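In my numbering, the protein residues as written are 128 to 536.
Don't be surprised by glycine CBs; every beta carbon is placed ideally from N, CA and C.
Please read these numbers as outputs of a predicted model, since none were measured by experiment.
Input: a single structure, listed below in structure tokens.
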Amino acid sequence: DELGWEDYFESDRRAGDVEYPSAAQDELPSYDQTAVKPTSLEDHLLWQLGLSGLSEGDKEIGRLIIGNLDEDGYLRTPLNDLAADVGVAPEAVEAVLRQVQTFDPAGVGARDLRECLLIQLGHLDRDSLGMVGGRAGSLKGSLLEAIVADHLKDLEKKHYGRIAKALGITTEEVFAATRVIEGLEPKPGRPYFSSDNYVVVPDVFVVKDEGEWVVLLNDEGVPRLRISPYYKQLMASKRDQSETTKAYMDEKLRGAQWIIRSIEQRKKTIIKVVGSIVKFQEQFFDKGVQALRPLVLKQVAEDIGMHESTISRVTANKYVYCPQGMFELKFFFNAGIQRADQNEDMLSSVTVRDMIRRMVAEEDVQHPLKDQEIAARLRADNIMIARRTVAKYRSEENIPSACQRKRFF
Numbered sequence: 128d129e130l131g132w133e134d135y136f137e138s139d140r141r142a143g144d145v146e147y148p149s150a151a152q153d154e155l156p157s158y159d160q161t162a163v164k165p166t167s168l169e170d171h172l173l174w175q176l177g178l179s180g181l182s183e184g185d186k187e188i189g190r191l192i193i194g195n196l197d198e199d200g201y202l203r204t205p206l207n208d209l210a211a212d213v214g215v216a217p218e219a220v221e222a223v224l225r226q227v228q229t230f231d232p233a234g235v236g237a238r239d240l241r242e243c244l245l246i247q248l249g250h251l252d253r254d255s256l257g258m259v260g261g262r263a264g265s266l267k268g269s270l271l272e273a274i275v276a277d278h279l280k281d282l283e284k285k286h287y288g289r290i291a292k293a294l295g296i297t298t299e300e301v302f303a304a305t306r307v308i309e310g311l312e313p314k315p316g317r318p319y320f321s322s323d324n325y326v327v328v329p330d331v332f333v334v335k336d337e338g339e340w341v342v343l344l345n346d347e348g349v350p351r352l353r354i355s356p357y358y359k360q361l362m363a364s365k366r367d368q369s370e371t372t373k374a375y376m377d378e379k380l381r382g383a384q385w386i387i388r389s390i391e392q393r394k395k396t397i398i399k400v401v402g403s404i405v406k407f408q409e410q411f412f413d414k415g416v417q418a419l420r421p422l423v424l425k426q427v428a429e430d431i432g433m434h435e436s437t438i439s440r441v442t443a444n445k446y447v448y449c450p451q452g453m454f455e456l457k458f459f460f461n462a463g464i465q466r467a468d469q470n471e472d473m474l475s476s477v478t479v480r481d482m483i484r485r486m487v488a489e490e491d492v493q494h495p496l497k498d499q500e501i502a503a504r505l506r507a508d509n510i511m512i513a514r515r516t517v518a519k520y521r522s523e524e525n526i527p528s529a530c531q532r533k534r535f536f
């Protein structure tokens, strides 16, 4: 129905007011704690640079170097380019870089993985170096230096026998050195950078009220759009205005009305979509990820009488908060895996991925499960899955292959 202009003018209602069921209020997340901006890698390094005994000229070079580090703490920019920027010789830049490489975190300022690991090895105590073939506790000439400097590729591929043969040592000595190297940080800037350093505010809440799951739109902090009373006064005095002015005002007010109605309709659509998701995935909200069901956009679209493309747009970059945690709406849409018994419900691919993760977490690291063995275990649980599907899911979960997961010690 066409809404009157009065519905769009400001009222005494406080902007952003949302009425929640009384039981639901207790389950909404607390926003008492605010996110504090973490110290960045750049800030941490600039602080150390300021405390160093470098000259002001060298500090200028240091600031340039620090400003060119990537999020992992590596310097990818050629020294010649940096030298040209400040009008000094490349050797001067390298001298300051050596100083920056002594800063915390160890390994920062390296130009590649090999240099990063060697810098960190240089920070090890004398006892650690001596235990793995160091000369009087020195990195120079140590087994650790030899492996990182000359056999890093073999180490990555776990070719321990090849390393032992090349260095004339036993595989046990290689294992001892590997344990130390594996304790190093290949990305020293990682603790200072995280894609999680932002607050995700849920678009909707799903809470239980009197035994029923209820979908609530999160309007907190979002002003309720209304047209200024000033224009209400202008509308009331239209008879004193020219026809051109009246037509102009009518056009602008219709545009404002359309925007407000579109936003309200979008809110209603989100509520409908999430309500349908809750209906299909009720077991998830009751029991957790293991109860997630296969679900496709078409099912929700047919359930609420909308087009699939609309469902896709509405769920994009939208989050829901529920007792199970915070989830992106697209999380609830996933493919199904057939069971051996056709009468049983299909399993969600998310559930199967979770089963694969748990199998790998509990495996014998000296005899890790191959993809075929994982597939066989799943089939033993009446889950019809091919080895290539297991390999695909494992790869998408960033789980290394069996040979890469194998530990020899």
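Legend entry - Separation of S355 from S522, as counted between CA atoms: Rounded to whole angstroms, S522 and S355 show a C-alpha spacing of 55 Å.
Since M453 is in the beta strand (DSSP E), which residue starts that stretch and which ends it?
Boundaries of the beta strand (DSSP E) harbouring M453: G452 to E455, taken from the DSSP string.
**Q.** Extent of the continuous beta strand (DSSP E) run through D336
**A.** For D336, the enclosing beta strand (DSSP E) stretches over residues V331 to D336.
Tell me whether P205 is buried or exposed, calling it buried when 16 or more other Cβ atoms sit within 10 Å of its Cβ.
A residue is called buried when at least 16 other Cβ atoms come within 10 angstroms of its Cβ; P205 does not meet this threshold and is exposed.
(Q) Pop quiz: L474 and V487 are said to be a contact at Cβ under 8 Å. What is the actual Cβ separation, rounded to whole angstroms? (A) With 8 Å as the limit, L474 and V487 do not qualify as a contact, their Cβ atoms being about 18 Å apart.
Roughly how many angstroms separate the alpha carbons of G382 and K186, rounded to a whole number? Cα to Cα, G382 sits roughly 57 Å from K186.
Reference W340; option with closest CA among P313, I404 and G295: Check the Cα spacing between W340 and each of P313, I404 and G295: the tightest is with I404.
For I464, which residues does DSSP report across the bridge? The bridge partners DSSP lists for I464 are L474.
Q.
Which runs of the alpha helix (DSSP H) at least 4 residues long sit entirely within the stretch 346-406? Give them in chain order.
A. Complete alpha helix (DSSP H) runs here, min 4: 356-363.
request  = Would you decide whether V326 is buried or exposed? Buried here means 16 or more other CB atoms lie within 10 Å of its CB.
outcome  = Of the residues assessed, V326 falls on the exposed side of the cut-off, its CB having fewer than 16 other CB atoms within 10 angstroms.
Bridge partner(s) assigned by DSSP for V327: Under DSSP, V327 forms no beta bridge with any residue.
What number of angstroms, rounded off, separates the C-alpha of P421 from the C-alpha of S476? Using only the alpha carbons, I get a separation of about 7 Å.
**Item:** Residue environment, Q228, which counts as buried when at least 16 other CB atoms sit within 10 Å
**Value:** Q228 counts as buried, since at least 16 other C-beta atoms from the protein chains shown sit within 10 angstroms of its C-beta.
- Since L568 sits in a beta bridge, which residues does DSSP pair it with? What the structure shows of the chain is the stretch from 128 to 536, and residue 568 is not part of that stretch, so it cannot be assessed.
Alpha-carbon to alpha-carbon, D481 and Q417: Cα-Cα distance, rounded: 8 Å.
Q. Looking only at C-alpha atoms, which of G415, K284, V328 and G452 sits nearest to P527?
A. The option with the nearest alpha carbon to P527 is K284.
Compare the C-alpha of V400 against each of F411, L344, Q368 and L380 and name the closest.
For V400, the nearest C-alpha among the options comes from L344.
Chain B within 9 Å of K414, Cβ atoms only | Absence of chain B from the displayed structure is noted, only one protein chain being present.
For this session: For T166, count neighbouring C-beta atoms within 10 Å of its own C-beta (all shown protein chains included) and say buried if the count is 16 or more, exposed if not.
Result: Label assigned to T166: exposed.
Can you give me the C-alpha to C-alpha distance between F535 and G184, rounded to a whole angstrom? Their Cα atoms are separated by approximately 51 Å.
Assumed close pair P329, V427 - CB separation to whole angstroms, cut-off 8 Å:
The pair is not a contact, with the Cβ atoms about 19 Å apart (cut-off 8 Å).
Find out if the Cβ-Cβ distance for the pair E312, G234 is shorter than 9 Å. Yes. Within cutoff.
(Q) Along the chain, where does the alpha helix (DSSP H) containing Y287 start, and where does it finish? (A) Y287 to L294 is the span of the alpha helix (DSSP H), which, as asked, contains Y287.
Under 9 Å between C-beta atoms of R466 and V492:
With respect to V492, R466 sits apart: the two C-beta atoms are not nearer than 9 Å.
Would you kindly check if the distance between the Cβ of V275 and the Cβ of R241 is under 9 Å? A contact, by the Cβ cut-off of 9 Å.
inquiry  = Tell me the residue span of the alpha helix (DSSP H) that contains V220.
reply    = Residues P217 to V227.
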